[in-house]
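Quick mapping for you: the protein sequence lines, in order, are chains A and B. Quick note, the first sequence lines up with residues 1 to 161 if you use this note's numbering. Quick note, the second sequence lines up with residues 1 to 211 if you use this note's numbering. Note that beta-carbon positions come from the ideal geometry of N, C-alpha and C, so glycine has one too.
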Amino acid sequence: MKLVQEHRLLLYKVCRLYCFTEADRQDLFQEIVIQLWRSYPTFRGESKFSTWLYRIALNTAISDLRKQNRRPSTTSTDEIPPSLPDMTWPGEEEQQLQQLYAAINRLSDVEKALVMLYLEDKPYEEMEEIMGINQNNLRVKMNRIREKLRKMTKEATYGIR
Amino acid sequence: MELDNLKYAWRTLAAPPASERSPEEIHALLQKRSGGIVTRMRRNLTGELILIAATYTPAILFYFLDFEGKLSGIAWLFILLLTILAVYFFRKNQLLKAMQCTGCSLYSNLLQQINTLKKYIRFYVWSGTLMIPVMFILSWLIIRQKFPAAPGADLFYQLSGTPWWQHPLTWAVLLIPVTVGIYFINLWYVHRLYGRHIRKLQDLLQEMEEE
């Protein structure tokens, strides 16, 4: 419980990325906590605790069928609102983050995980451990995502396609 | 928008009030039922097992105790069927337990889920299909033992020495189309249940493998 308390911000960020409504976020938060609780006895310290925590959180968020129906489709961009509901973001930095969240919503589940790890400043070595994708492939994917996000922001700001 | 410029803001982003949770609240979360797909599948499996045991047990007791034990053969056949079902549930539960490895990397977990889910689907289809011949054979044994034929009842009896409803050929003729039909129904049903999920997992895996 102490570990959940300590890492709740990380867990909440995962929930924010993968769920669209507050109710779904609460459900996912609960599910991740349950999975952490169940899996903790199997944690042998072979990897860093944060690596293990990310694995649990992202595995739960990505491979759970229940939340698929509640998430906006990553392919149908028309249905995606420009910003996330029920949040207020004062300040320029926060506004940028709001834009970022809106753009991230249009990425696939795997891309979302990569963006999150990148923003958390995880080295490629740790990203490889979490994702199971080799570092070269991760770099290629990250470059593509960066370009994609840049393009999306341009589209949103200037209406350029 | 440059991702690198957002790193600081992202990491210092304050948690919204909704994420503030006391130890008591987290404890309460752990008391709730998990809504994960595998947990739900295991819960349903336990429910099915309890339902089957609750249905078969009175039937077994009935055939053992009533009719002065003359129909105890039927009770034994039910016990045999219950044993087959217990093996079926055990295997299904084993597969469900092996389905998730949340502590593994995302790629390994997806691969494990897909492979186990495919095994689960194969097992579901084949066991559901093979259950039909087993049921037919057991029903035939019961009918043959417990319902003696009236000699000379019909032409079939006169030709074969057995009434048509006891003759293995009649059962075989019925068995083949029913088994084939059940196979396709099972196949359709299992893909309706898990088809979308497995496609989604395969798409994710493919995306991870792409360079």
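- DSSP places G45 (chain A) in the coil class of the three-state scheme, outside both helix and strand.
- Selection A:P123, A:L97 and A:T60 evaluated against T39 (chain B) yields A:T60 as nearest (Cα-Cα).
- Ranked by Cα distance from T153 (chain A), the options A:R38, A:R55, A:A57 and A:Q99 are led by A:Q99.
- Around K119 (chain B), the same chain offers L95 as residues with beta carbons nearer than 8 angstroms, after the five sequence neighbours per side are excluded.
- The Cβ of I133 (chain A) sits closer than 8 angstroms to at least one Cβ of chain B.
- Beyond the five residues adjoining it in sequence on each side, N93 (chain B) comes within less than 7 angstroms, by CB distance, of R42 and L45 in the same chain, given in chain order.
- Annotation for C15 (chain A): the continuous alpha helix (DSSP H) segment containing it runs R8 to Y18.
- Within the region 46–63 of chain A, the residues whose Cβ lies closer than 7 angstroms to some Cβ of chain B are W52, R55, I56, L58, N59, T60, I62 and S63, listed in chain order.
- In the displayed model, K70 (chain B) falls within coil according to three-state DSSP, outside both helix and strand.
- Check the Cα spacing between L53 (chain A) and each of A:Q95, A:R146, A:T21 and A:L10: the tightest is with A:L10.
- Listed by position along chain A, the residues whose Cβ is nearer than 9 angstroms to that of M131 (chain B) form an empty set, because the closest Cβ is around 26 angstroms away.
- Against N109 (chain B), the close residues of chain A are N59 and S63, in the order they occur along the chain (beta-carbon pairs closer than 7 angstroms).
- Look at A102 (chain A) here: in three-state DSSP terms it is helix.
- Residues of the region 111–137 of chain A whose Cβ lies closer than 9 angstroms to any Cβ of chain B, in chain order: E111, A113, V115, M116, Y118, L119, E120, D121, E128, E129, I130, M131, G132, I133, N136 and N137.
- For F20 (chain A), not one C-beta of chain B is nearer than 8 angstroms to its own C-beta.
- Between the region 130–146 of chain B and the region 64–79 of chain B, the count of C-beta pairs closer than 8 angstroms reaches three or more; the two stretches touch.
- Taking CB atoms only, D24 (chain A) has no neighbour in chain B less than 8 angstroms away.
- Flagged as an interface residue toward chain B: R146 (chain A), by a C-beta distance shorter than 8 angstroms.
- T129 (chain B) places its beta carbon less than 8 angstroms from that of I182 (chain B).
- Contact check for L117 (chain B) and M99 (chain B): beta-carbon distance about 7 angstroms, within the 8 angstroms limit, so the pair qualifies.
- The beta carbons of A53 (chain B) and F64 (chain B) sit no closer together than 8 angstroms.
- Under the three-state reduction of DSSP, N134 (chain A) is assigned to coil, being neither helix nor strand.
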